[in-house]
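Participant:
In my numbering, the protein residues as written are 1233 to 1284.
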């Protein structure tokens, strides 16, 4: 289980719950991170990111 939330997640990554339900896409660009809360979204179990 990863600790992140939709705001702080990497842009381009998709985040899913334990049972594979799509939760959201990440919104934070690593080059220019958004000001995001550092809380964990308990629904997010893993993220899938493109290999770019």
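Here a beta-carbon is modelled for each residue, glycine too, at the ideal position from N, C-alpha and C.
1) At 4 residues or longer, what runs of the alpha helix (DSSP H) sit wholly inside the segment 1238-1279?
2) Based on Cα-Cα distance, which residue from 1259, 1253, 1249 and 1264 lies nearest to residue 1276?
3) Under a Cβ-count criterion, where at least 16 other Cβ atoms within 10 Å of its own Cβ denotes burial, should residue 1237 be classed as buried or exposed?
Facilitator: Concretely, from the data shown:
1) none
2) For the purposes of this step, residue 1276 is taken as residue 44 along the chain shown, with counting starting at 1. Comparing Cα positions, the closest option is 1249.
3) Here residue 1237 refers to the residue found at position 5 of the chain shown. Residue 1237 should be labelled buried.
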